[in-house]
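Chains as they are written, first to last, in our numbering: chain W, 1 to 286; chain P, 1001 to 1286; chain V, 2001 to 2286; chain U, 3001 to 3286.
The beta-carbon is built from N, C-alpha and C at its ideal position, and this holds for glycine as well.
Remarks on the structure that follows.
So this is what it looks like as structure tokens:
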């Protein structure tokens, strides 16, 4: 299981992610966490990542979380896939393995998974599998890919799908302008993502960029692989969203210097976005 | 779970492997298969692979199979490890995660896992972790590595451990001469592996090589990634060892031409090793 | 040859890079371009990348550019290196191959090269090779690495070296605070890099971050692999720095939408940094 | 430059390879070695590897060796290629870069290059580029690929090409039966490869396998990455084919134990193939 998400209504906006520690859960814990989150978030739809090295484990997890009330599941390709045929074949088998009654999200994340799907391959997967209903777009660079896929919809060669973007939202400002429906990714201020998505949809281009740019220095800091999750949890703890920023092993932790850097970024951000003002009580707890 | 093995007594000879399909099992199936195998093989000790992306899943599986009677577990590094420090740190955390009361086998398999451990790093892992009691040696090339590790034992810088070799036994003839204790790998004629190990230990060098060389054309054919398992199952079915050579998806299958090639190799082998004579009745079943 | 740089005096500030197309030059062209740049930049010192699959080609290029007046050369590890021993051994052989009279820069760029060097391994390379005089720091995340290396200098376990940072300057603001001496990387406004380095050295923390943050939306846009060089050349052409933004094959080009996005980013940037104001005459040429 | 080969006439049999040290040559040396080999081998056609990170270097080398009398060049994909489109596009640009008047060989070597081409992609490359006249087949496993490509020729969807196989000849016996025209790879006894190719073409199946199987234990020993070249040079020196088995740095060398193992394999081989009898005089020189 790679990730759990709460997607808010039909707008497809992510308002909560459980922060990238899903692979550290065992099978039973994963189902329990998903079930609790689905219950709490109702009636908002929840999508649960079910990527697994084998189809039997993927199926077992998918059936369990759907029974627990998930709205759908997300499947990433196994890293060994290379050719277009291998990729297309894998998703055909995966969709069959979980059952074609379960709606699923295709995760396209080449930087981490090393699997590269062209727009044409994504189209084949979409057309082959009616139960595939959404793309989690995490290619990098990926702006032209969104344009290409929306182009396929326009020329009638691909049925319409939802596109939510990932990659820590580093390009969310322009991804929305290219045709994304929302974000499905983690950041210490998920409400900023919600705001940028809303502003972009309302046509307030400058306002969307103004807010996004104010967050970009911190968002970029949170993009650091390995360190990023520690930053996100630290900020969320400073904000009072979570009580403790500990990670399960193997976890990264922030040095004193790194914490100071994050505090400095928060102070700078707070000049524009009041939500970044640090609560003193929680600051003591760190 | 990556693999299950039955190691025959203290000689450390593998007589059975369940053929590389372990990742296709879900969590519950994996435990059931391991439990059944442990029961059947008793009193021979069984080692069960428990490699997992996260420590919680690794721990859950390790505790389950030990309760079911396994003699120990095997742990492979996660493919993202690169530096010596990362590798040494990973195994320290893994040993702690499963519990230091569980004896475990270190799997060194760079070709597939892309993690490279020097002899010095293996020595650090052995010395750091008293519960590590065996090395599954699958480096390629790896003959000098066996010599280096046995050298460490001789110069007193590393405590003695068992070394069983893998890699489809492609170098078993010389691995035994370099100091391996046996093989822990799959091949359609596991009894050949047992014989070569025995002949080598008895000092019958030429006889060991004669037998090994007779099998080498087929053994090499079985080494083909992806196709190899289909070959092994096909031969075992032809031998009457298993009733059916089907694989769980995603599985490979043999073309008609490939089956003819294997039949030809078996016929040639049978001139020297009678165990390769094809039983006509089973030939019809294929 | 991977890159050419003009480092301004002893401050180690990069003011010019030839934009990542060095591998597209043949041997003779590479030497000619380096020679012309060295001549033009005099008396500023120039460092020329000489990374090559083999030591003979590396030596030939290193000797040629040093004869042409280069101040030093830069060497990246070959991507196949994995263990600490392999990495340390490689640089010992490389330094010997080019001749220990040639000062060289160690390039640490794991994201692209897949070779990971711990601070301890970098220290061994520095201590082993007196002719290694600078680190091009491109690890990501890498802030703690700079702190660790400067810590080694303080505790006396490593001789002092210059550290210039790369990675498209995405973390230059904090890299300077961690102890970097400057930047050695490409961006459409190299003078911004110079200013941030200067402001950081003068202790004007807020001013450094204000300038950096104003550029971050564009700098981030330029970070896109493949597309980045097209963005950089397009902006430099718009600025009048270069006459044409064509690339040698295989090159990327910007879509009409991408150009509009860059223009929008430039217009937003120009509100704070006048250097980003687009010259209308050049806009017509695009 | 990755490799040089001497292909014997229209049969496409490799009788000489310069042993995998081509990347250790600098540009000038590479051309000189190729030129000397072309002159000596005349009138046999020589193919020279011109793979390079950039097209300018590839073109420079290709034009130079063709002027020196090469019959053609060989091009491998750069390791970063992933999707079918990227691969097809790369070879179109490469063929254009060297000039469409130069006949070239497509190298398909996934194990080392990590680029995977389906039979369909190879067909597209062949059909797109009239100057592509041969495939160096080094996929592993690859027997079904040869069958698929010959099938394309039969169904008229691909024009006929030469297929020479590589991979150290580990599957040469069956590759010939699947439709290969010959081998283009290194082994300490190239005349064995010539004999197996000839015997297979004459329809002497058992004789081809008998000879191949006799060599397989040594051939397999030579397949060890890194060590393999040291084995090949050592054997060739023992045979009196070359005077010295030294390698350019970075080179591997054989331990005393490894040399004894090779001697043992030669002695066993000599019982069947007299060419493996060790000349005492040269044995002293080792």
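I need the boundaries of the beta strand (DSSP E) containing residue 1241 of chain P, first residue and last residue.
One-based indexing of the second chain puts residue 1241 of chain P at position 241. First-last for residue 1241 of chain P: undefined, no H or E at that position.
Among W:142, W:277, W:82 and W:228, which one has its Cα closest to the Cα of residue 240 of chain W?
Walking along the first chain from the start, residue 240 of chain W turns up at place 240. Comparing alpha carbon positions, the residue from W:142, W:277, W:82 and W:228 closest to residue 240 of chain W is W:277.
I'd like to confirm something about residue 3056 of chain U: is its beta-carbon nearer than 7 Å to some heavy atom of the ligand ADP, or not?
What this structure holds is no ligand at all, so the ligand ADP is not there to describe.
For the beta strand (DSSP E) that residue 985 of chain P lies in, which residues bound it at each end?
Nothing in the structure corresponds to residue 985 of chain P, since chain P is present only between 1001 and 1286.
To which residues of the same chain is residue 1031 of chain P closer than 6 Å at the C-beta, ignoring the five residues directly before and after it?
One-based indexing of the second chain puts residue 1031 of chain P at position 31. Excluding residues within five positions, the ones whose Cβ falls inside 6 Å are 1064.
Any beta carbon of chain V sitting closer than 8 Å to that of residue 3276 of chain U?
Numbered from 1 along the fourth chain, position 276 holds the residue referred to as residue 3276 of chain U. Output row for residue 3276 of chain U: interface = no.
I need the boundaries of the alpha helix (DSSP H) containing residue 2196 of chain V, first residue and last residue.
Reading the third chain from its first residue, position 196 is the one you call residue 2196 of chain V. Start and end: 2190-2201.
Would residue 218 of chain W pass as a contact of residue 208 of chain W if the rule is Cβ separation under 8 Å?
On the first chain, position 218 is the one that residue 218 of chain W refers to. On the first chain, position 208 is the one that residue 208 of chain W refers to. Taking 8 Å as the Cβ cut-off, residue 218 of chain W and residue 208 of chain W do not qualify as a contacting pair.
By alpha-carbon positions, which one of W:120, W:111 and W:149 ends up nearest to residue 3086 of chain U?
Here the question's residue 3086 of chain U lines up with position 86 in the fourth chain. Among W:120, W:111 and W:149, the Cα nearest to that of residue 3086 of chain U is on W:120.
Going along the chain, which residues of its own chain have a beta-carbon closer than 6 Å to the beta-carbon of residue 270 of chain W, five neighbours each way excluded?
One-based indexing of the first chain puts residue 270 of chain W at position 270. 276 and 277, listed in sequence order.
Please classify residue 2013 of chain V: does DSSP put it in a helix, a strand, or coil?
Residue numbering aside, residue 2013 of chain V sits at position 13 when the third chain is read from its first letter. Legend: pLDDT at residue 2013 of chain V = 33, less than 50; position of this residue unreliable, no value from coordinates given.
Any beta carbon from chain W within less than 8 Å of residue 1174 of chain P's own beta carbon?
The residue you call residue 1174 of chain P lines up with position 174 of the second chain. Taking Cβ atoms only, chain W never reaches closer than 8 Å to residue 1174 of chain P, which makes this a no.
For residue 2131 of chain V, which three-state DSSP category applies?
Here residue 2131 of chain V refers to the residue found at position 131 when the third chain is read from its first residue. In the structure shown, residue 2131 of chain V adopts coil according to DSSP, grouped into three states.
Who are residue 169 of chain W's beta bridge partners in DSSP?
The count along the first chain starts at 1 and reaches residue 169 of chain W at position 169. Beta-bridge pairing links residue 169 of chain W to no other residue.
So, using beta-carbon positions, are residue 1092 of chain P and residue 1128 of chain P closer together than 8 Å?
Along the second chain, read from residue 1 onward, the residue named residue 1092 of chain P stands at position 92. Along the second chain, read from residue 1 onward, the residue named residue 1128 of chain P stands at position 128. Taking C-beta atoms as the reference points, residue 1092 of chain P and residue 1128 of chain P count as a pair closer than 8 Å.
So with Cβ pairs under 8 Å, would you call residue 3083 of chain U a contact of chain W?
Taking the fourth chain and counting its residues from 1, the one referred to as residue 3083 of chain U is at position 83. Chain W contact via Cβ: present.
Can you tell me the Cα-Cα spacing of residue 3022 of chain U and residue 2035 of chain V, whole angstroms?
Along the fourth chain, read from residue 1 onward, the residue named residue 3022 of chain U stands at position 22. Along the third chain, read from residue 1 onward, the residue named residue 2035 of chain V stands at position 35. For residue 3022 of chain U and residue 2035 of chain V, the distance between alpha carbons rounds to 28 Å.
Using a Cβ cut-off of 8 Å (strictly closer), state whether residue 1118 of chain P contacts chain V.
Locating residue 1118 of chain P in the second chain gives position 118, where the first residue counts as 1. Chain V, which has a Cβ nearer than 8 Å to the Cβ of residue 1118 of chain P, makes this yes.
Same chain only: Cβ atoms within 8 Å of residue 2069 of chain V, ignoring 5 sequence neighbours per side
For the purposes of this step, residue 2069 of chain V is taken as residue 69 along the third chain, with counting starting at 1. By the criterion of a C-beta distance shorter than 8 Å, residue 2069 of chain V is surrounded in its chain by 2035, 2038, 2039, 2042 and 2046, once the five residues flanking it on both sides are discounted.
What's the gap between the Cα of residue 2008 of chain V and the Cα of residue 2192 of chain V?
Reading the third chain from its first residue, position 8 is the one you call residue 2008 of chain V. Reading the third chain from its first residue, position 192 is the one you call residue 2192 of chain V. Confidence at residue 2008 of chain V is low in this model, with a pLDDT of 31, below 50, so its placement is unreliable and the value that follows should be read with caution. The straight-line gap from Cα to Cα measures roughly 14 Å.
Expressed to the nearest angstrom, what Euclidean distance is found between the alpha-carbon atoms of residue 3286 of chain U and residue 3250 of chain U?
Translated into positions along the fourth chain, residue 3286 of chain U becomes position 286. Translated into positions along the fourth chain, residue 3250 of chain U becomes position 250. Low confidence applies here, because residue 3286 of chain U scores a pLDDT of 42, under 50, leaving its location unreliable; read the following figure in that light. Residue 3286 of chain U and residue 3250 of chain U: Cα-Cα distance of roughly 20 Å.
Kindly list, in the order they appear in chain U, the residues whose Cβ is closer than 9 Å to that of residue 1224 of chain P.
As a working note, residue 1224 of chain P is residue 224 in the second chain. For residue 1224 of chain P, the chain U residues whose Cβ falls inside 9 Å of its Cβ are 3140, 3141, 3142, 3143 and 3171, in order along the chain.
Applying the criterion that 16 or more other CB atoms from any shown protein chain within 10 Å of the CB defines a buried residue, is residue 4 of chain W buried or exposed?
Your numbering for residue 4 of chain W matches position 4 in the first chain. Bear in mind that the predicted position of residue 4 of chain W carries a pLDDT of just 33, short of 50, making it too unreliable to give a figure here.
What do you reckon, are the CB atoms on residue 224 of chain W and residue 2141 of chain V nearer than 8 Å?
For this step, residue 224 of chain W is matched to residue 224 along the first chain. For this step, residue 2141 of chain V is matched to residue 141 along the third chain. Note that the C-beta distance between residue 224 of chain W and residue 2141 of chain V is below 8 Å.
Could you check the C-alpha separation between residue 3115 of chain U and residue 2155 of chain V for me, to the nearest Å?
Within the fourth chain, the letter at position 115 stands for residue 3115 of chain U. Within the third chain, the letter at position 155 stands for residue 2155 of chain V. The straight-line gap from Cα to Cα measures roughly 46 Å.
Residue burial classification, residue 2233 of chain V (beta-carbon count within 10 angstroms, cutoff 16)
Taking the first residue of the third chain as position 1, residue 2233 of chain V is located at position 233. Residue 2233 of chain V is buried by the Cβ-count criterion.
Contacts that residue 217 of chain W makes with chain V (C-beta to C-beta distance below 7 Å):
Within the first chain, residue 217 of chain W is the residue found at index 217, counting from 1. Result: 2213 and 2216.
Of all the residues that make up the region 89-113 of chain W, which are near chain P by a beta-carbon distance shorter than 9 Å?
Here the close residues are 89, 90, 93, 96 and 97.
Whole angstroms are fine: how far does the CA of residue 74 of chain W sit from the CA of residue 48 of chain W?
Translated into the one-based positions of the first chain, residue 48 of chain W becomes position 48. Translated into the one-based positions of the first chain, residue 74 of chain W becomes position 74. Taking the straight line from one Cα to the other gives about 6 Å.
Any beta carbon from chain P within less than 8 Å of residue 3137 of chain U's own beta carbon?
Walking along the fourth chain from the start, residue 3137 of chain U turns up at place 137. No, residue 3137 of chain U does not count as interfacial toward chain P.
Hey, residue 1057 of chain P and residue 26 of chain W: beta-carbon distance below 8 Å or not?
The count along the second chain starts at 1 and reaches residue 1057 of chain P at position 57. The count along the first chain starts at 1 and reaches residue 26 of chain W at position 26. Residue 26 of chain W is positioned such that its CB atom lies closer than 8 Å to that of residue 1057 of chain P.
Measuring straight from C-alpha to C-alpha, what distance separates residue 1017 of chain P and residue 61 of chain W?
By 1-based counting over the second chain, the position of residue 1017 of chain P is 17. By 1-based counting over the first chain, the position of residue 61 of chain W is 61. Residue placement at residue 1017 of chain P is poorly supported in this model, since its pLDDT is 44, which falls under 50; the coordinates are not used for a value here.
Suppose you measure from the CA of residue 1265 of chain P to the CA of residue 1196 of chain P; what does that come to, to the nearest Å?
Sequence index remark: in the second chain, residue 1265 of chain P carries index 265 (1-based). Sequence index remark: in the second chain, residue 1196 of chain P carries index 196 (1-based). Looking at the two C-alpha atoms, the distance is approximately 20 Å.
Terminal residues of the beta strand (DSSP E) in which residue 3084 of chain U lies
If you number the fourth chain from 1, residue 3084 of chain U lands on position 84. No beta strand (DSSP E) holds residue 3084 of chain U; the alpha helix (DSSP H) holding it covers 3084-3098.
Check whether the Cβ atoms of residue 3287 of chain U and residue 3145 of chain U sit closer than 8 Å, and answer yes or no.
Since the first residue shown for chain U is 3001 and the last is 3286, residue 3287 of chain U is missing from the structure and cannot be characterised.
Looking at residue 2229 of chain V: is its Cβ nearer than 8 Å to the Cβ of residue 2260 of chain V?
Counting from 1 along the third chain, the entry for residue 2229 of chain V is found at position 229. Counting from 1 along the third chain, the entry for residue 2260 of chain V is found at position 260. Not a contact, by the Cβ cut-off of 8 Å.
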